[in-house]
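Presented below is the structure to which this report refers.
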Amino acid sequence: MVLEFFRKQKYVTVKADKERRDIPEGLWVKCSRCSEIIYTKELDKNYKICQKCNFHFRLGARERIEMLADAGSFVEYDSKLKSGNPLEFNGYDEKLAKAQEITGMNEAVLTGEALINGRHVVLAAMDSRFIMASMGSVVGEKITRAIENAVEKQYPIIIFATSGGARMQEGILSLMQMAKTSSALAKLDQAGLLFISVLTDPTTGGVTASFASLGDIVIAEPSALIGFTGPRVIEQTIKQKLPEGFQRAEFMRQHGFVDMIVTRDKMKQTLANILSLHAKED
Amino acid sequence: MPSSLEFERPIIELENKIDELKSFAEEKDIDLSNEINKLENRAEELKKSTYSNLIPWQKVLIARHPERPNALDYIKLLINDFMELHGDRLYGDDPAVVGGIGRFEGRPVTVIGNIKGKDTKQNVARNFGMAHPEGYRKALRLMKQAEKFNRPVICFVDTPGAYCGMGAEERGQGEAIARDLMEMSALKTPLVTVVIGEGGSGGALAFSVADRILMQEHSVFSVSSPEACASILWKDGTMAREAAEALRLTAQDLLELGVLDNVIKEPLGGAHREYNVAAKLVGQEISTQLNELQQYSIETILDNRYKKFRAIGKIG
Numbered sequence: 013m014v015l016e017f018f019r020k021q022k023y024v025t026v027k028a029d030k031e032r033r034d035i036p037e038g039l040w041v042k043c044s045r046c047s048e049i050i051y052t053k054e055l056d057k058n059y060k061i062c063q064k065c066n067f068h069f070r071l072g073a074r075e076r077i078e079m080l081a082d083a084g085s086f087v088e089y090d091s092k093l094k095s096g097n098p099l100e101f102n103g104y105d106e107k108l109a110k111a112q113e114i115t116g117m118n119e120a121v122l123t124g125e126a127l128i129n130g131r132h133v134v135l136a137a138m139d140s141r142f143i144m145a146s147m148g149s150v151v152g153e154k155i156t157r158a159i160e161n162a163v164e165k166q167y168p169i170i171i172f173a174t175s176g177g178a179r180m181q182e183g184i185l186s187l188m189q190m191a192k193t194s195s196a197l198a199k200l201d202q203a204g205l206l207f208i209s210v211l212t213d214p215t216t217g218g219v220t221a222s223f224a225s226l227g228d229i230v231i232a233e234p235s236a237l238i239g240f241t242g243p244r245v246i247e248q249t250i251k252q253k254l255p256e257g258f259q260r261a262e263f264m265r266q267h268g269f270v271d272m273i274v275t276r277d278k279m280k281q282t283l284a285n286i287l288s289l290h291a292k293e294d
Numbered sequence: 476m477p478s479s480l481e482f483e484r485p486i487i488e489l490e491n492k493i494d495e496l497k498s499f500a501e502e503k504d505i506d507l508s509n510e511i512n513k514l515e516n517r518a519e520e521l522k523k524s525t526y527s528n529l530i531p532w533q534k535v536l537i538a539r540h541p542e543r544p545n546a547l548d549y550i551k552l553l554i555n556d557f558m559e560l561h562g563d564r565l566y567g568d569d570p571a572v573v574g575g576i577g578r579f580e581g582r583p584v585t586v587i588g589n590i591k592g593k594d595t596k597q598n599v600a601r602n603f604g605m606a607h608p609e610g611y612r613k614a615l616r617l618m619k620q621a622e623k624f625n626r627p628v629i630c631f632v633d634t635p636g637a638y639c640g641m642g643a644e645e646r647g648q649g650e651a652i653a654r655d656l657m658e659m660s661a662l663k664t665p666l667v668t669v670v671i672g673e674g675g676s677g678g679a680l681a682f683s684v685a686d687r688i689l690m691q692e693h694s695v696f697s698v699s700s701p702e703a704c705a706s707i708l709w710k711d712g713t714m715a716r717e718a719a720e721a722l723r724l725t726a727q728d729l730l731e732l733g734v735l736d737n738v739i740k741e742p743l744g745g746a747h748r749e750y751n752v753a754a755k756l757v758g759q760e761i762s763t764q765l766n767e768l769q770q771y772s773i774e775t776i777l778d779n780r781y782k783k784f785r786a787i788g789k790i791g
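Taken in sequence, the protein lines are chains A and B.
Residue 192 in the numbering used here sits at position 180 of the first sequence; the count goes up by one each step and never skips.
Residue 782 in the numbering used here sits at position 307 of the second sequence; the count goes up by one each step and never skips.
Here's what the structure looks like:
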């Protein structure tokens, strides 16, 4: 024990630099792909894309809408809708409260209507900071209502998906939201209205297996993880490592499930072009 | 009985004793009917008390019982002139999904089911009932065909879930399931789904956007397997028993949560104890539901189908 104390260590411990800790949090951020240190304001100006490696940082739902909607045009739907704890699942109330605190949102999806280059659209954006944007009753309900609103107003709808899948804590009720949202999309389809699904990092599970895969046009952000089963579970199941790039946006385009990959700086223009091609009044 | 569940064992032991006593009595030509009767009554009571007090995890075990009748058993017992139809016309034929046409009580129907095997060899061939995208696409093809020829569709659900593998992802597992959900919601023919064992996640839901969802009394239906739920939420797959409790996955739970239309009784001790009785009860319920649905126009059926799923879920 005592000798242990005098023994030369094989590694050197470096004490954390005091000054480094004094940098106000959030002023600089490190790119999780290329480790480039980026000035936060620069990153925000560049649609949260790393200028060095094109890595797309994850976006909150509100930031997403702000980047897309014409200034001041967004009118939110159902902002007050909140989840209960229908199965009285242990710890779920606390989880919801924490997610609400982090995001300032009541649930994992933001829905509403807005203008994109002057054209009316219904918009929905999911937020992965809210319990991995898993889909429970309220997420399903908000998306369904957004689709129904689109049908009623004869607007196209754009949904920005990101999700870990169905929300475990609401059990079968979560699973059934897949059926509910897909049924609503069948109505939209019958009404001859456009649905653009934009898949962002990560989109998996029950969301991939329902509305997110049903777009007339499916767009993905570069290198977004898109799949049904998450890579960790697949690796556990098949007991081997997955190849590089498996289930990424580029892989999904190659396998025929994504129409195009669009970087975030070109997203608004691309969407506006698609909307224009489908405009009824023109 | 080669495989029995732990809580079944006392019953099975007692039944074996009765059998022994019977053959002994016969052999030696002694009248033991009094004793045998007494024991039979006891066995009956034991069964009743055991099966009316099952905890969710025990229901999961019965739902997964290797000898539980599968879709092909029900097809054999309920569908006349069944012809299996193969393939999705896009990639291949998925042996984890069985589909075809035949007659149910005289009327032509399309039947689709998840299918597990009963032993290891069969299970390997059936991929343990876990379908690939081609399975969901085969089902969709047969449903569209049923729509064209105005045949009702009967679906039997029994799967741990959609398969988690590389090929499944490459061929679009998510898209295949999503397409089934959307198309079923608008399919212009009556749909009746019966959960006959394990209803696991999206793989089970893909056959469940139906006008009537029915479950056998010892079947389960859940957002994920209890093992997966435990490992996702508590990072501990061994807590499946607790997860089964928390997920509210029994037929009785689903009826309460407004997801189910009806629970179908099983013979005492579970469907695996008496195939004929189980099939008869399933057949009667399907018949009742199809007859009821046939009174409505297809517009009303579609409208009600939409409303049914529209209403599921609970807001704060």
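Virtual Cβ for every residue (Gly too), placed ideally from N, Cα, C.
- Rounded to the nearest angstrom, the gap between the Cα atoms of G577/B and L765/B is 15 Å.
- Within the region 601 to 621 of chain B, not one residue has a Cβ closer than 8 Å to any Cβ of chain A.
- A straight line joining the alpha-carbon of G610/B with that of V230/A spans about 23 Å.
- Assignment of E88/A by DSSP, reduced to helix, strand and coil, places it in the strand class.
- Within chain B, the residues placing a beta-carbon under 7 Å from that of A178/A are V698, ordered along the chain.
- In the three-state DSSP reduction, E125/A falls in the strand class (E or B).
- C630/B places its beta carbon less than 7 Å from that of I587/B.
- Residue-level contact check: Y781/B touches chain A, since one or more beta carbons of chain A fall below 7 Å from its beta carbon.
- Contacts between K497/B and chain A, judged by CB atoms closer than 8 Å, are missing: the closest CB pair is about 44 Å apart.
- Taken in chain order, the members of the region 183 to 214 of chain A whose beta-carbon sits within less than 8 Å of a beta-carbon on chain B are G183, I184, L185, S186, L187, M188, Q189, M190, A191, K192, S194, S195, A196, L197, A198, K199, D201 and Q202.
- Pairwise C-beta distances place the region 180 to 187 of chain A in contact with the region 720 to 733 of chain B, as three or more of them are shorter than 8 Å.
- The shortest CA-to-CA distance from L205/A to any of D228/A, R76/A, S95/A and G268/A is the one to D228/A.
- Within its own chain, the residues whose Cβ lies closer than 6 Å to the Cβ of L756/B, once the five positions on either side in sequence are excluded, are I739 and K740, listed in chain order.
- Comparing alpha-carbon positions, the option among Q266/A, A136/A, A232/A and L197/A lying closest to K278/A turns out to be A232/A.
- Nearest to M605/B by C-alpha distance, out of A571/B, V684/B and I505/B, is A571/B.
- The three-state secondary structure of V134/A, taken from DSSP, is strand.
- Judged by DSSP in its simplified three-state form, R612/B adopts helix.
- Of the other Cβ atoms in all chains shown, fewer than 16 fall within 10 Å of the Cβ of C65/A; this residue is therefore exposed.
- F142/A has its alpha-carbon roughly 34 Å from the corresponding atom of A291/A.
- DSSP places V210/A in the strand class (E or B) of the three-state scheme.
- Short of 6 Å from the beta carbon of N129/A, and not among the five residues preceding or following it, lie these beta carbons of its own chain, in chain order: A284.
- For F579/B, the closest alpha carbon among the candidates S762/B, R780/B and Q620/B is that of S762/B.
- Here P255/A is exposed. Its C-beta has fewer than 16 other C-beta atoms within 10 Å.
- Taking a Cβ-Cβ threshold of 7 Å, the residues of chain A close to I707/B are M180, in chain order.
- CA-CA distance, E542/B to K593/B, rounds to 6 Å.
- Fully enclosed beta strand (DSSP E) runs of no fewer than 3 residues occupy 554 to 559 of the region 530 to 560 of chain B, in order along the chain.
- With at least 16 other beta carbons inside 10 angstroms of its own, G218/A counts as buried.
- By alpha-carbon distance to V87/A, the top candidate from Q259/A, F258/A and E125/A is E125/A.
- Chain-order list of chain A residues neighbouring L729/B: I184, by C-beta distance under 7 Å.
- DSSP places K107/A in the helix class (H, G or I) of the three-state scheme.
- Contact with chain B is found for K94/A, since one of that chain's Cβ atoms lies less than 7 Å from the residue's Cβ.
- Comparing alpha carbon positions, the residue from T725/B, V684/B, M714/B and E717/B closest to S697/B is T725/B.
- Under the three-state reduction of DSSP output, P583/B falls in the strand class.
- Closer than 7 Å to the CB of E644/B there is at least one CB belonging to chain A.
- Residue-level contact by beta carbon holds for E650/B and chain A, with a gap shorter than 7 Å.
- Cβ neighbours of R654/B within its own chain (closer than 8 Å, five residues either side excluded): Y611, R612 and L615.
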